[in-house]
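See below for the structure under consideration.
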Amino acid sequence: MESKAIAKFQRVSPRKTRLVARNVQGLGVEDAMNILRFTPNKSAGVIYGVLKSALANASQLGGVDVDAMVVKEVVVNEGPSWKRFMPRAQGRASKIHKRTSHVTVILAEGQE
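Each residue of the sequence shown is one higher than the last, beginning at 1108 in the numbering used here.
Have a look at this one:
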């Protein structure tokens, strides 16, 4: 049985989030939560929250052993970018893209 949770429009770069997501893929839920709790990145906090939500979704299903759940997949997609301008020398301006992410965590029953 699978459980899924999604967080959209998170204000963190998808490239940086994928680096953290790669660390917890395929691990047990408890190990993944410990890794995310002590990783000093903003994206680790975002993935941690989505993982907790997916675990809560799994506990609502009947007959699922929450302790035996494994992080099957963490998908980080790019959301819309906020376009901003930064002042530069000689009266010019340059574009700044503040990127957002859509984070999906899928949990499954099984072995690590």
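From the three backbone atoms N, C-alpha and C, an ideal C-beta is built for every residue, glycine too.
### Query
Do the segment 1162-1179 and the segment 1109-1120 touch if we need at least three Cβ pairs shorter than 8 angstroms?
Enough Cβ pairs lie closer than 8 angstroms, so yes.
### Query
With DSSP run on the structure shown, which of helix, strand or coil describes Thr1124?
DSSP, read as helix, strand or coil, puts Thr1124 in helix.
### Query
Across which residues does DSSP place Phe1192 in a beta bridge pair?
Phe1192 pairs with Lys1202.
### Query
Skipping 5 residues on each side, what residues in its chain have a beta carbon closer than 7 angstroms to that of Met1193?
Excluding sequence neighbours, Met1193 sits near Ala1200, Ser1201, Ile1203.
### Message
Using the three-state DSSP reduction, which class does Gln1167 fall into: helix, strand or coil?
### Response
DSSP places Gln1167 in the helix class (H, G or I) of the three-state scheme.
### Collapsed DSSP secondary structure at Gly1050 in the structure displayed
As displayed, the chain neither begins before 1108 nor continues past 1219, which places residue 1050 out of reach and without an answer.
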